[in-house]
Amino acid sequence: PEATAAPCYYQPLLYQTYDRIPIVDLLTAAGIGMDSPVNGTKQTYRYVGAKIEVQVMYFNAWRSVSRGNPLITARGQTQGGEDGLHYYYCFKLVDNSPIQDKQVFMAGPFASSRTLLSKHGFFLQPVVTGQLAKPSALAVVLQLTAGLVLLSLANVVVDFLALYVMRSRTFYKRFLIQETDMAQVLRFDTVSDRHIERVLQVRRLPLGGDRVEKIIRLVNDGYRVTDDLRTPSRSAPEFELARQSNPSLATPLSAGGGSMLSALSEDL
């Protein structure tokens, strides 16, 4: 393939184990031509010459290549190099850098005339650089830690704005800060799901959700589990409501006279 303009993608020709790039394609990749005018003058690069910086960029991790400079991309892998090591060329014209060499030839030691030979050309200055990457557990940990810190900071900022700055901060404070009696929540470990549903029905609370949601719903409604889980407190509002709906429960039961839970079950 031939380079037509800069920047460009160009696959160099392979000569044995070396890259072979014609001078015309090299100058095109650098953004100039052999007969292009030099800085708006009538002189051309063919006559004046120029200095071109050849950057050989090595890398082993694919990344986006800046197109700010003309470049020629070489083969995907170096010859005899490590697996995964790639490189590309970047040609850059050095401004105001004419290349010339003058030689004087004398016809003899006492000659009355001389010959001045002025030579112009292109000087290629190689620069080897690149970026090589390798896995680093420390870098991963640092990135994760920085991300967690930023997330925590964002949470603090949002909570501060919601609690002290926003117009509805009083409502936000009520919903963001909730107090739960964990002692009562833990006492539900030995309470059956059937008993929980019965208490929800008596207190006229929604029955939907899993066990955790039902327990939280009862605790927030003021329900308390007594020491004797089979005999809930007779002063609880749900049993007062049950007695009003069923006169047969109007007589209080003694501690040994029966189970209030069985009477409540019959009422439901």
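Residue numbers for the sequence shown follow my numbering, so the first one is 1 and each next one is one higher.
Note that CB positions come from ideal geometry on N, CA and C, so glycine has one too.
Are the beta-carbon atoms belonging to Ala133 and Asn39 less than 8 angstroms from one another?
By the CB criterion at 8 angstroms, Ala133 and Asn39 fall outside the cutoff.
Between the C-alpha atoms of Leu138 and Thr145, what's the straight-line distance to the nearest angstrom?
C-alpha separation (whole angstroms): 10 angstroms.
Quick check on the burial criterion: 16 or more other C-beta atoms within 10 angstroms. Buried or exposed for Thr129?
With fewer than 16 Cβ atoms within 10 Å of its Cβ, Thr129 is classed as exposed.
State the Cα-Cα distance for the pair Val24 and Cys90, rounded to the nearest angstrom.
Roughly 15 angstroms separates the two Cα atoms.
Distance, Leu176 Cα to Thr170 Cα
Computed Cα separation, rounded: 10 angstroms.
Quick one, which of Leu207, Leu93 and Met57 has its alpha-carbon nearest Thr28's?
Here the closest residue by C-alpha is Leu93.
Extract the residue ranges of the alpha helix (DSSP H) inside the region 83 to 149, only unbroken runs of 4 or more that lie entirely within it.
You should have found no qualifying run.
Residues near Ala30 by beta carbon distance below 6 angstroms, same chain, minus five either side:
Cβ contact annotation for Ala30 (same chain, cutoff 6 angstroms, sequence separation greater than five): Ile52, Pro70, Phe91 and Leu93, in chain order.
Expected contact under 8 angstroms - CB spacing of Val54 and His120 to nearest Å
Actually they are not in contact, since the Cβ atoms of Val54 and His120 sit about 19 angstroms apart, beyond 8 angstroms.
Is there a C-beta anywhere in chain C that falls below 8 angstroms from the one on Tyr223?
Note that chain C does not occur in the displayed structure, where there is just one protein chain.
Integer Cβ distance of Leu205 from Arg194, believed to fall under 8 angstroms:
Between Arg194 and Leu205 the Cβ distance is about 15 angstroms, and since that is not below 8 angstroms, they are no contact.
Determine the direct distance from the alpha carbon of Gly147 to that of Phe123, and round the result to whole angstroms.
If you take the alpha carbons of Phe123 and Gly147, they lie about 49 angstroms apart.
What number of angstroms, rounded off, separates the C-alpha of Phe160 from the C-alpha of Leu142?
In a straight line, the C-alpha of Phe160 is about 27 angstroms away from that of Leu142.
Pick helix, strand or coil for Arg20, following the three-state DSSP scheme.
Residue state, collapsed to three classes: strand.
Return the CA-CA distance between Tyr58 and Tyr88, expressed in angstroms with no decimal places.
So the alpha carbons of these two residues sit roughly 7 angstroms apart.
What number of angstroms, rounded off, separates the C-alpha of Gly222 from the C-alpha of Val185?
Approximately 11 angstroms, taken between the alpha carbons.
Could you tell me the alpha carbon to alpha carbon distance between Asp210 and Asn220, rounded to whole angstroms?
Distance from the CA atom of Asp210 to the CA atom of Asn220, rounded to whole angstroms, is 16 angstroms.
Assign Pro22 to buried or exposed, taking buried as 16 or more other Cβ atoms, counted over all protein chains shown, within 10 Å of its Cβ.
Counting every other CB atom within 10 Å of its CB across the protein chains shown gives Pro22 a total below 16, marking it as exposed.
Nearest residue (CA-CA) to Val225, options Met182, Gly108, Leu207 and Tyr15
Considering only alpha carbons, the answer is Met182.
Starting from Met166, trace the beta strand (DSSP E) in both directions and tell me its first and last residue.
From DSSP, Met166 is part of no beta strand (DSSP E); its letter is neither H nor E.
What are the residues that DSSP puts in a beta bridge with Pro37?
The beta-bridge partner set that DSSP reports for Pro37 consists of Thr44.
Using three-state DSSP, classify Gln184 as helix, strand or coil.
In the structure shown, Gln184 sits in a helix (DSSP, three-state: H, G or I).
Can you tell me whether Leu153 is buried or exposed? The criterion is at least 16 other CB atoms within 10 Å of its CB, across all chains shown.
Its Cβ having fewer than 16 others within 10 Å, Leu153 is exposed.
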